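Chemist:
In our numbering, the protein residues as written are 2 to 285.
Pasting the structure below:
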């Protein structure tokens with residue numbers, strides 16, 4: 002008999018919904034778009050033909066509907082890999098744990114998780130306005146130290162040989178997208194490798210009142226093989242792999258930190274990326 006997962010390990014709300022996301026199993030599709038900003042959820046669902054579910058709790062907003070006869074969910078994660086830990090664990094629980102008996106299901110459901118995000122470029126050849134699909138991701142947050150089953154992607158060796166910051170090495174982990182999804186999204190997307198940093202200011206080389214670790218940190222990232230940076234992809238890839246789901250991160254480059262170019266009207270570019278991704282997702 003499978004062990005029963007204690008309420009302290011997987012809390013539920015009074016209506017039986019999963020604790021943070023406030024969702025029931027029937028509320029989500031197997032194809033899920035992940036966005037950071039709660040306000041981006043309706044920007045995605047506006048492209049749906051129908052919307053059947055609209056729920057929210059804290060920063061987690063969820064819409065589920067259909068596009069060209071296919072069912073999709075879009076959910077906001079908020080910022081950072083700590084929130085990704087919550088969102089992916091609870092999405093997996095919705096499909097792979099019987100919430101009434103609190104037992105793991107024998108037959109597992111595979112989710113398809115596609116991040117639709119914004120990002121900065123550290124590659125002078127990937128300019129603002131480009132759409133990047135991430136093959137590999139390097140995490141700088143140490144999240145996977147808490148999941149010892151994680152195995153680093155092959156990208157690790159190439160990255161480490163050029164990485165000069167020994168103090169950060171214990172935090173790093175390396176993850177990879179689903180290759181089939183990567184191949185499918187072949188129109189309008191530039192291939193790249195993504196760094197997921199643990200903050201917006203110092204970790205991304207910004208200086209306000211505090212000095213950053215190294216003024217050329219972002220240049221170093223590119224020398225190590227990274228093309229863009231944001232704050233979520235590494236955890237999405239690593240946790241999806243451990244849980245048996247397929248994942249791909251798509252990002253609109255809104256600024257190039259090496260050339261200094263910034264998109265003033267980046268939302269129209271994000272909408273274009275969303276529409277392109279959704280159309281391609283309906284054919285996969």
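The beta-carbon is built from N, C-alpha and C at its ideal position, and this holds for glycine as well.
In this text, all values refer to a predicted model and were calculated from it rather than measured experimentally.
In whole angstroms, what is the alpha-carbon distance linking residue 239 and residue 68?
Modeler: Roughly 28 Å between the two C-alpha positions.
Chemist: Please name the residue, chosen from 270, 280, 281, that lies closest to residue 128 on a Cα-to-Cα basis.
Modeler: The shortest C-alpha separation from residue 128 is found at 270.
Chemist: Using DSSP with H/G/I as helix, E/B as strand and the rest coil, what is residue 275?
Modeler: Reduced to three states, the DSSP call for residue 275 is helix.
Chemist: What did DSSP end up calling residue 21 once you bin it into helix, strand or coil?
Modeler: Residue state, collapsed to three classes: coil.
Chemist: Use the C-beta contact count for residue 16: other C-beta atoms within 10 angstroms, 16 or more gives buried, fewer gives exposed.
Modeler: Residue 16 comes out exposed.
Chemist: Please give the ranges of any alpha helix (DSSP H) in the segment 88-147, keeping only runs that are unbroken, at least 4 residues long and fully inside the region.
Modeler: Correct list: empty.
Chemist: Compute the distance between the beta-carbons of residue 175 and residue 202, then report whether it is under 8 Å.
Modeler: Cβ distance not < 8 Å, so residue 175 and residue 202 don't count as in contact.
Chemist: For the putative contact between residue 197 and residue 90, defined by C-beta atoms under 8 Å, what is the C-beta separation to the nearest angstrom?
Modeler: About 17 Å separates the two Cβ atoms, so there is no contact after all.
Chemist: If we count Cβ pairs, one from each stretch, closer than 8 Å, do we get three or more for the segment 177-195 versus the segment 226-238?
Modeler: In short, these stretches touch, since the Cβ pair count reaches three.
Chemist: Per the DSSP calculation, residue 61 is bridged to which residue(s)?
Modeler: DSSP, once it has assigned bridges, lists 58 as partnering residue 61.
Chemist: Write down every uninterrupted run of the alpha helix (DSSP H) in the segment 183-270 whose length is 4 residues or greater and which is fully enclosed by it, in chain order.
Modeler: Fully enclosed alpha helix (DSSP H) runs of 4 or longer: 218-224, 234-244.
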